[in-house]
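Data first, discussion second: the structure below is written as structure tokens.
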Ligand code: NAD
Ligand code: GLY
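Residue numbers (this note's numbering): 113 to 474.
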């Protein structure tokens, strides 16, 4: 097992990474009182709920099983968590445990941020995406029909446990979706990691345990470093949103759940790289490398055919990085070097937004 720390002073917390950690008693020490509620979904519950419960032997454990899907990441389904907490008489010393992917993690974390003005929570991420990104850093929330992740709070977990063995049951499409966020880290922060991803993508797609463990470890290390520097996203943390403004527009337009979050981010990363190349920042060889690594991860590389440039612009205007009506995007100066900028002509943005299927062809 490897342990990383997200260094936030007296709110610092460990990220445990390793195979079969669910079978290793690690989490009970992070529960302050004896009350626990595990929130999961109907897909993950039959696979891992009993193992997760065993982490908290000696505690009074309630469980809540939500329906599975991004379309349930709403205020309506958040209320089910509050209902269950109140019905089971959880008090303000309770600990919520998120067992699942980013949807369960974001909702459970937000419930923990709100319940009785804030209680503890633990993340047990079970998708690649949640192990490399959403379980770390304390962003929690739900979607609104008009915008992705528009209602939420920063609320850090007290521990994160990433058991790499659970990835064996993950559908291939979900594995690819997680790899989009892994590729993101190489592009914004670490060109050597990007080089490694180019070489090792076939091993990652084959779920080679050593390759996956290294990718998760390096991704969490980068995320922990960035979050420790800028917990509330007033600076460098915004770089973690490479591809997300385009991606969130796709998810909102298509209806939550049709495109997986990671798939929309994958296409969004290529759109950001394309715009960076049109601005003369990213050279054409590096743009091609970005396209190839996304394709090797079997991610979509062109936006939905029915989404116009005007529709993109309309939805991108709701992004959380918009300041005083000005859209800011994460763009690439080179591989491993990203910036947050509003310094791009509208017509260049439109050129990317209208490139459509050509984006995937190079
Ligand atoms: P998800 O939570 O919908 O999980 C994907 C699918 O895999 C679901 O059907 C789930 O039931 C299933 N699943 C989970 N673990 C499994 C396992 N071990 N075996 C088999 N099936 C399993 O999606 P996701 O990709 O994990 O997360 C996406 C969400 O995360 C989005 O809502 C996105 O906005 C959010 N997100 C949040 C942050 C953050 O910083 N908070 C960062 C990135 C993404
Ligand atoms: N996923 C982006 C962030 O955590 O900031």
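Just so you know, even glycine gets a beta-carbon here, dropped at the ideal spot from N, CA and C.
Just so you know, these numbers come straight off a predicted model, no measurement behind them.
Which of helix, strand or coil DSSP assigns to residue i
i: residue 380; result: helix
i: residue 185; result: coil
i: residue 295; result: helix
i: residue 149; result: strand
i: residue 262; result: strand
i: residue 396; result: helix
i: residue 202; result: coil
i: residue 316; result: helix
i: residue 447; result: coil
i: residue 158; result: helix
i: residue 239; result: coil
i: residue 356; result: helix
i: residue 335; result: helix
i: residue 435; result: strand
i: residue 468; result: coil
i: residue 474; result: coil
i: residue 212; result: strand
i: residue 290; result: helix
i: residue 306; result: helix
i: residue 419; result: coil
i: residue 341; result: helix
Distance between residue j and residue i (C-alpha atoms, nearest Å)
i: residue 465; j: residue 416; result: 11 Å
i: residue 460; j: residue 240; result: 34 Å
i: residue 373; j: residue 218; result: 13 Å
i: residue 224; j: residue 264; result: 11 Å
i: residue 438; j: residue 350; result: 15 Å
i: residue 196; j: residue 206; result: 13 Å
i: residue 228; j: residue 124; result: 22 Å
i: residue 154; j: residue 456; result: 45 Å
i: residue 165; j: residue 173; result: 7 Å
i: residue 305; j: residue 327; result: 9 Å
i: residue 420; j: residue 232; result: 43 Å
i: residue 199; j: residue 192; result: 10 Å
i: residue 331; j: residue 147; result: 32 Å
i: residue 284; j: residue 317; result: 8 Å
i: residue 296; j: residue 414; result: 17 Å
i: residue 226; j: residue 398; result: 44 Å
i: residue 301; j: residue 433; result: 19 Å
i: residue 179; j: residue 430; result: 27 Å
i: residue 260; j: residue 253; result: 9 Å
i: residue 454; j: residue 215; result: 30 Å
i: residue 369; j: residue 375; result: 11 Å
i: residue 244; j: residue 388; result: 25 Å
i: residue 274; j: residue 157; result: 16 Å
i: residue 445; j: residue 183; result: 35 Å
Identified DSSP bridge partners for residue i
i: residue 128; result: 115, 273
i: residue 222; result: According to DSSP, which records beta bridges pairwise, residue 222 is partnered with nothing at all.
i: residue 232; result: 207
i: residue 368; result: 371
i: residue 441; result: 453
i: residue 174; result: 149
i: residue 253; result: 264
i: residue 217; result: In DSSP, residue 217 forms no bridge with anything.
Sequence-distant residues of the same chain with beta carbon closer than 6 Å to residue i, five excluded per side
i: residue 247; result: 217, 235, 237, 272
i: residue 250; result: 266, 267, 268
i: residue 355; result: 377, 380, 381, 384
i: residue 484; result: With the chain covering only 113 through 474, there is no way to say anything about residue 484.
i: residue 62; result: The question about residue 62 has no answer here: the residues shown for the chain are numbered 113 through 474.
i: residue 145; result: 205
i: residue 298; result: 305, 306, 309
Cβ neighbours of residue i in the same chain (closer than 7 Å, five flanking residues each side left out)
i: residue 315; result: 323
i: residue 159; result: 281
i: residue 277; result: 131, 132
Proximal residues to residue i (C-beta, below 8 Å), its chain only, five neighbours per side dropped
i: residue 140; result: 167, 168, 169, 170, 171
i: residue 313; result: 291, 405, 408, 409
i: residue 161; result: 150, 152, 175, 177, 211
i: residue 390; result: 460, 463, 464
i: residue 329; result: 114, 116, 129
Meets three-Cβ-pair contact criterion under 8 Å: the stretch 115–124 and the stretch 335–349: Contact holds between the stretch 115–124 and the stretch 335–349, because three or more Cβ pairs, one in each stretch, are under 8 Å apart.
Three-pair Cβ contact test at 8 Å for the stretch 317–324 versus the stretch 381–398: no
Sufficient close CB pairs (3 or more, under 8 Å) joining the stretch 175–195 to the stretch 124–133: Contact fails: fewer than three Cβ-Cβ distances are below 8 Å.
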